[in-house]
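Data first, discussion second: the structure below is written as structure tokens.
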Amino acid sequence: MAAQTGAGPGAQPRHASLAILGAGVMGETVLSGLLRAGWSAEEIIATDRRPERQVELRETYGIRMLSNTEAAAEADTVILVVKPQDMRDLLAEIAPVVRPGALIVSLAAGVDTASIESQLPNGTAVVRVMPNTPAQVDEGMAAISAGSTSEPEHLDRVSKILSATGRVVTVPERYQDAVTAISGSGPAYLFFVVEAMIEAGVHLGLPRDTAT
């Protein structure tokens with residue numbers, strides 16, 4: 026995955042391999058995982074609508090922060106990490122500029138590939154992903170599903186990207202809702218149980234550091 030670089034010192038690459046649209050918690054999780062896995066900052070671009078967040082990510086990771094349309098126009102792989110209710114507006118924004126042959130990867134729960142494909146240029150490959158929170162410590166489990174025009178190469182590409190944050194399994198899309206309920210949300214439920222057990226220990230007289 027060689028980055029294309031400019032001719033002079035400090036020149037920006039002309040073309041990035043991957044764009045992360047929506048660099049919130051999960052977007053940053055993917056970003057940081059890729060960098061730890063050996064991707065270079067020049068290969069990755071990201072977006073966030075908050076100016077202060079743009080500065081934070083640029084200074085922390087050395088990546089370029091662009092607008093959604095600028096990022097989608099550059100990248101071969103575009104990862105959409107927005108809330109489900111924001112997906113339609115984001116797709117309407119980027120559809121006119123998506124590169125021919127680009128792969129669109131959606132991490133939005135409950136949004137099927139058919140819905141995404143219907144808002145993109147004909148033939149655009151889409152892969153749906155359900156990650157989970159342990160990805161923040163590289164122990165995630167991501168379930169990926171192919172859209173109607175995705176090829177094995179697309180699934181392989183997504184699997185390699187997400188393996189930077191844990192394990193990856195391919196499932197038929199009809200199972201994605203079940204995956205969301207069990208894998209996507211399950212770890213968060215367990216965190217609440219563990220937290221309750223800690224509080225119970227404190228209530229019974231244990232020092233908090235011991236209960237934790």
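What the sequence shown shows, in the working numbering, is residues 26 to 237, in sequence order.
Where is the CB? At the ideal position from N, CA and C, for every residue including glycine.
Item                                                                                                                                                                       : Value
Spell out a yes or no on whether the region 191 to 205 and the region 157 to 172 are touching, meaning 3 or more CB-CB pairs, one atom from each, closer than 8 angstroms. : yes
If you reduce the DSSP assignment to three classes, tell me which class Leu59 lands in.                                                                                    : helix
Would Ile104 and Ile88 be called neighbours here (beta carbons separated by less than 8 angstroms)?                                                                        : no
Would you be able to state if there are at least three C-beta pairs under 8 angstroms between the region 130 to 145 and the region 72 to 92?                               : no
Can you tell me where the alpha helix (DSSP H) holding Ala96 begins and where it ends?                                                                                     : 93 to 99
Report the rounded CA-to-CA distance for Val154 versus Glu53, giving the unit in angstroms.                                                                                : 16 angstroms
For Gln29, does the count of other Cβ atoms within 10 angstroms reach 16, so buried, or fall short, so exposed?                                                            : Because Gln29 carries a pLDDT of 37, less than 50, the predicted location of this residue cannot be relied on, and the following value inherits that uncertainty. Label assigned to Gln29: exposed.
Could you pull out every residue in the same chain whose Cβ sits closer than 8 angstroms to the Cβ of Leu56, ignoring the five residues on either side in sequence?        : Ile45, Ala48, Ile69, Ala71, Leu82, Tyr86, Ile88
If I measure Cβ to Cβ from Ala160 and keep anything under 6 angstroms in the same chain, skipping five residues before and after, which residues do I get?                 : Thr54, Thr190, Gly191
Closer than 6 angstroms by C-beta to Arg233: which residues in its own chain qualify, once you throw out the five before and the five after it? Chain order, please.       : Val227
For Val103, report the span of its beta strand (DSSP E) as first-last.                                                                                                     : 102 to 105
If you draw a straight line from the alpha carbon of Asp137 to that of Asn157, how long is it in whole angstroms?                                                          : 18 angstroms
Hey, how far is the Cα of Glu142 from the Cα of Lys108?                                                                                                                    : 17 angstroms
Would you give the residue range spanned by the alpha helix (DSSP H) that Thr85 belongs to?                                                                                : 76 to 86
Contact defined as beta carbons within less than 8 angstroms: I believe Ala97 pairs with Val123. What is the distance between those atoms, to the nearest angstrom?        : 6 angstroms
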